[in-house]
Amino acid sequence: KRTGEMITLKELVEEVGSDACRFFFLARSADAQMEFDLELAVKESQDNPVYYLQYAYARLAGILRNADENKNDLDNGDVHLLSTQEELTLIRHLLMLPEVVDSIAETMEPHHLPHYTMELAAAFHSFYDRCRVISDDKALTSARVKLTKASKISFGRCLSLMGINSPERM
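Going letter by letter, the sequence shown gives residues 20 to 189 in this note's numbering.
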């Protein structure tokens, strides 16, 4: 643990990786003081926001692989079947992405993207925990697979905009 020691950006990237550096720097407003938690940045748990986001992306990819292997319809789900609070919350978060990106571009405040992406991850994890995506109900499975596919696309765009890797597996 470092206490007040200066560390170069190169040393920081070597110690925690470029994904963690990008996220933690982007997550702070330009006018806010930077405190970089090295222990948190290397932790492989849900406490680490980068791990949390990449885990959500990998989980989405895994669901879609499973759906594909089970020959589930990946594109023709009827989203009108999605009615649980978790499904609707996730849909609302997905619909906010264009507005968030426009706002970031207009205000030049990129720190909003990591925060939005964390909220999107929380909405997805809540959906995943409470709604079985692949089930015996083929119509509902198709609708949830469609929502999962849209979520993966949005997550991929967010991670790409932040310059963070999108792992298909973890």
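Yeah, the Cβ is synthetic: ideal placement off N, Cα and C, and Gly gets one too.
Nothing here was measured: the structure is a model prediction, and the numbers come from that model.
Comparing alpha-carbon positions, which option in the options lies nearest residue i?
i	options	result
S102	L114, R176, T126 and F146	F146
L83	R149, F42 and I172	I172
L72	L166, A141, S154 and L159	A141
R149	C40, L28 and Q104	Q104
N85	S161, M181, I110 and G182	S161
M137	K168, R41 and A46	A46
M127	A158, I26 and A49	A49
L79	F143, S154, D66 and A158	F143
H112	N95, K168 and L139	L139
C177	E125, K168 and L116	L116
K157	L114, G96 and H130	G96
E63	F44, G36, R41 and T27	G36
M25	K90, H99, E54 and A124	E54
Since residue i and residue j are thought to touch, with beta carbons under 8 Å apart, how far apart are those beta carbons, to the nearest angstrom?
i	j	result
Y135	V119	5 Å
S179	S185	7 Å
L12	E106	Outside the displayed span of the chain (20 to 189) sits residue 12, for which this structure offers no information.
H131	S122	7 Å
So, residue i versus residue j, is the Cβ gap smaller than 9 Å?
i	j	result
R163	G81	no
E34	V61	yes
G175	Y76	yes
Which of helix, strand or coil does DSSP assign to residue i?
i	result
S48	coil
R84	helix
S37	helix
R21	The predicted model places R21 with a pLDDT of 49, which falls under 50 and marks its position as unreliable; any figure quoted below should be read in that light. Coil.
P133	helix
S179	helix
S185	coil
Q73	helix
I26	coil
D97	coil
S161	helix
M127	coil
Q104	helix
D121	helix
Can you say whether residue i is buried or exposed, counting buried as having 16 or more other CB atoms within 10 angstroms of its CB?
i	result
D38	buried
P133	buried
L190	Given a span of 20 to 189 for the chain in the structure shown, any question on residue 190 remains unanswerable.
L114	exposed
L109	buried
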